[in-house]
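Protein chains in written order, with the numbering used here: chain A, 5 to 148; chain B, 5 to 148.
Just so you know, even glycine gets a beta-carbon here, dropped at the ideal spot from N, CA and C.
What follows is a short report on a single structure.
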């Protein structure tokens with residue numbers, strides 16, 4: 005309606021989309037990032053997710069200490085992030101888009117295209133104790 | 005010929021192919037690696053090369069101190085590595101294959117498929133002074 009601004013998603017705490025530097029020349033295209041700079045933590049682990057069946061939602065947990073930086077290298081997917089007060093959905097559809105997800109953010113990855121390849125940098129090695137697996141526990145911890 | 009073994013490429017110093025751990029379940033496939041373990045150095049930078057025109061050769065230099073770990077996430081390419089005494093070519097055609105290229109190895113990336121996406125982890129931030137740009141200089145440095 006005239007005079008009423010479109011409602012945009014609430015900006016949530018702890019999830020930040022950024023554009024990575026890139027360069028193109030006759031030999032192809034390059035996207036790059038430095039740990040501690042473009043990726044705002046020390047990179048101790050990476051993982052690559054691919055071959056995700058249509059309609060699958062991944063994630064649906066939070067981390068107590070882990071930072072993640074997500075880049076969809078091929079195809080597209082989206083990340084629904086929730087800080088316990090509001091939600092925001094981020095579309096990752098270009099290898100120059102990186103999403104930093106901080107600790108204490110409930111996150112789900114969904115809408116994977118059939119060719120999607122999601123690269124994730126993580127600030128810690130795998131630790132099952134770092135996971136918050138239920139949304140109720142996440143809300144209690146986020147309110148604490 | 006009978007009795008004559010097929011000549012296999014010389015195993016060179018400073019270039020090591022390894023298989024990264026992976027897991028598959030109903031939600032898709034995961035490939036992963038830890039810095040300091042599967043990737044045998046601290047990861048200070050990454051870059052992604054894609055859109056490489058057919059017939060292009062990239063690299064063709066050595067590094068004085070930089071370690072690299074190369075994974076072809078999508079499509080395929082090959083890496084020709086040279087330690088100053090012998091050459092060996094490595095085919096990267098699967099996201100679970102990682103090639104560690106140590107300092108003082110002359111390396112070229114070539115045979116990129118049109119859909120190739122090459123992910124490289126690097127042990128240092130970008131430093132032009134770390135590059136050895138000519139093969140003659142590389143041979144002198146490798147012999148020193």
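Next item on the list: Leaving aside the five residues before and after residue 72(B) along the sequence, list all residues of the same chain whose C-beta is less than 6 Å from its C-beta, in chain order.
Entry: Here residue 72(B) refers to the residue found at position 68 of the second chain. Excluding residues within five positions, the ones whose Cβ falls inside 6 Å are 105, 124, 126.
Next item on the list: Just tell me which of 17(B), 97(B), 111(B), 119(B) has its CA closest to the CA of residue 67(B).
Entry: Sequence index remark: in the second chain, residue 67(B) carries index 63 (1-based). With distances taken between Cα atoms, residue 67(B) lies closest to 111(B).
Note to self: Can you look up residue 134(A) in the DSSP assignment and give me helix, strand or coil?
What the structure shows: Taking the first chain and counting its residues from 1, the one referred to as residue 134(A) is at position 130. In the structure shown, residue 134(A) falls within a helical segment according to DSSP collapsed to helix, strand and coil.
Margin query: Buried or exposed, going by whether 16 or more other CB atoms sit within 10 Å of the CB of residue 99(A)?
Written below: Walking along the first chain from the start, residue 99(A) turns up at place 95. Classification of residue 99(A): buried, given that the 10 Å Cβ count is 16 or more.
Margin query: Between the alpha carbons of residue 30(B) and residue 141(B), how many angstroms are there, rounded?
Written below: As a first step, residue 30(B) is located in the second chain; it is residue number 26 there, counting from the start. As a first step, residue 141(B) is located in the second chain; it is residue number 137 there, counting from the start. So the alpha carbons of these two residues sit roughly 52 Å apart.
Check: Near residue 69(B), which residues of its chain fall below 7 Å by C-beta distance, leaving aside the five closest residues on each side in sequence?
Finding: As a working mapping, residue 69(B) is identified with position 65 in the second chain. Excluding sequence neighbours, residue 69(B) sits near 107, 128, 134.
Note to self: Here's a check: name, in chain order, each residue in its chain whose Cβ is nearer than 8 Å to the Cβ of residue 58(B), leaving out the five neighbours to either side.
What the structure shows: Counting from 1 along the second chain, the entry for residue 58(B) is found at position 54. The answer, listed in chain order, is 116, 118.
Check: Which residues mark the beginning and the end of the beta strand (DSSP E) in which residue 148(B) is found?
Finding: For the purposes of this step, residue 148(B) is identified with residue 144 of the second chain, where counting begins at 1. Element bounds for residue 148(B): n/a, residue is neither H nor E.
Check: Can you tell me whether DSSP reads residue 128(A) as helix, strand or coil?
Finding: Taking the first chain and counting its residues from 1, the one referred to as residue 128(A) is at position 124. Residue 128(A) falls in the coil class under three-state DSSP.
Next item on the list: Measure the CB-CB distance between residue 19(A) and residue 90(A) and report whether it falls below 8 Å.
Entry: Counted from its first residue, the first chain places residue 19(A) at position 15. Counted from its first residue, the first chain places residue 90(A) at position 86. The criterion of a C-beta distance shorter than 8 Å is not satisfied by residue 19(A) and residue 90(A).
Check: What separation, rounded to the nearest whole angstrom, lies between the Cα atoms of residue 36(A) and residue 46(A)?
Finding: Counted from its first residue, the first chain places residue 36(A) at position 32. Counted from its first residue, the first chain places residue 46(A) at position 42. Computed Cα separation, rounded: 15 Å.
Note to self: In whole angstroms, give me the CA-to-CA distance for residue 60(B) and residue 32(A).
What the structure shows: Taking the second chain and counting its residues from 1, the one referred to as residue 60(B) is at position 56. Taking the first chain and counting its residues from 1, the one referred to as residue 32(A) is at position 28. If you take the alpha carbons of residue 60(B) and residue 32(A), they lie about 9 Å apart.
Check: Is the beta carbon of residue 88(B) sitting closer than 8 Å to the one on residue 146(B)?
Finding: Translated into the one-based positions of the second chain, residue 88(B) becomes position 84. Translated into the one-based positions of the second chain, residue 146(B) becomes position 142. Contact: yes.
Item checked: Run of the beta strand (DSSP E) containing residue 51(B), from where it starts to where it stops -> As a position in the second chain, residue 51(B) is number 47, starting the count at 1. From DSSP, the beta strand (DSSP E) with residue 51(B) extends over 49–54.
Item checked: Chain-ordered chain B contacts of residue 103(A) [CB-CB under 9 Å] -> The residue given as residue 103(A) occupies position 99 in the first chain. The premise fails here: residue 103(A) is roughly 15 Å from chain B at the closest Cβ pair, so nothing lies under 9 Å.
Notebook entry, point to check: What is the rounded straight-line gap between the Cα of residue 25(B) and the Cα of residue 43(B)?
Noted result: The count along the second chain starts at 1 and reaches residue 25(B) at position 21. The count along the second chain starts at 1 and reaches residue 43(B) at position 39. Roughly 11 Å between the two C-alpha positions.
Next item on the list: Can you tell me which of 138(A), 82(A), 132(A) puts its alpha carbon nearest to the alpha carbon of residue 21(A)?
Entry: Working through the first chain from its first residue, we reach residue 21(A) at position 17. Of the candidates 138(A), 82(A), 132(A), the one whose C-alpha sits nearest the C-alpha of residue 21(A) is 82(A).
Margin query: Counting only C-beta atoms, is residue 48(B) closer than 8 Å to chain A at any point?
Written below: Taking the second chain and counting its residues from 1, one reaches residue 48(B) at position 44. So yes, residue 48(B) belongs to the interface.
Next item on the list: Check residue 38(A) in the structure and name its three-state DSSP category.
Entry: Taking the first residue of the first chain as 1, we reach residue 38(A) at position 34. Strand at residue 38(A).
Check: Just the Cα atoms here: how many angstroms apart are residue 17(A) and residue 76(B)?
Finding: Here the question's residue 17(A) lines up with position 13 in the first chain. Here the question's residue 76(B) lines up with position 72 in the second chain. C-alpha separation (whole angstroms): 34 Å.
Note to self: One question on the structure: do residue 48(B) and residue 78(A) come within less than 8 Å of each other, judged by their Cβ atoms?
What the structure shows: Indexing the second chain from 1 puts residue 48(B) at position 44. Indexing the first chain from 1 puts residue 78(A) at position 74. The Cβ atoms of residue 48(B) and residue 78(A) lie no closer than 8 Å to each other.
Item checked: Counted within 10 angstroms of its Cβ, other Cβ atoms place residue 40(A) as buried (16 or more) or exposed -> For the purposes of this step, residue 40(A) is taken as the residue at position 36 of the first chain. Per the 10 Å Cβ criterion, exposed.
Notebook entry, point to check: Counting contacts by CB-CB distance shorter than 8 Å, is residue 21(A) in contact with chain B?
Noted result: As a first step, residue 21(A) must be located in the first chain, where it is residue number 17. No, residue 21(A) does not count as interfacial toward chain B.
Checklist line | Neighbour flag for residue 60(A) against chain B, beta carbons, 8 Å | finding: By 1-based counting over the first chain, the position of residue 60(A) is 56. Yes, residue 60(A) counts as interfacial toward chain B.
Check: Within the 8 Å Cβ cut-off, does residue 9(B) reach chain A?
Finding: Here residue 9(B) refers to the residue found at position 5 of the second chain. Note that residue 9(B) has pLDDT 47, beneath the 50 cutoff, so the model's placement of it is unreliable and the number below is only indicative. Closer than 8 Å: no.
Check: If we ignore side chains and look at the alpha-carbon of each, how far apart do residue 113(B) and residue 80(A) end up?
Finding: Position 109 of the second chain, counted from the first residue, corresponds to residue 113(B). Position 76 of the first chain, counted from the first residue, corresponds to residue 80(A). About 27 Å.
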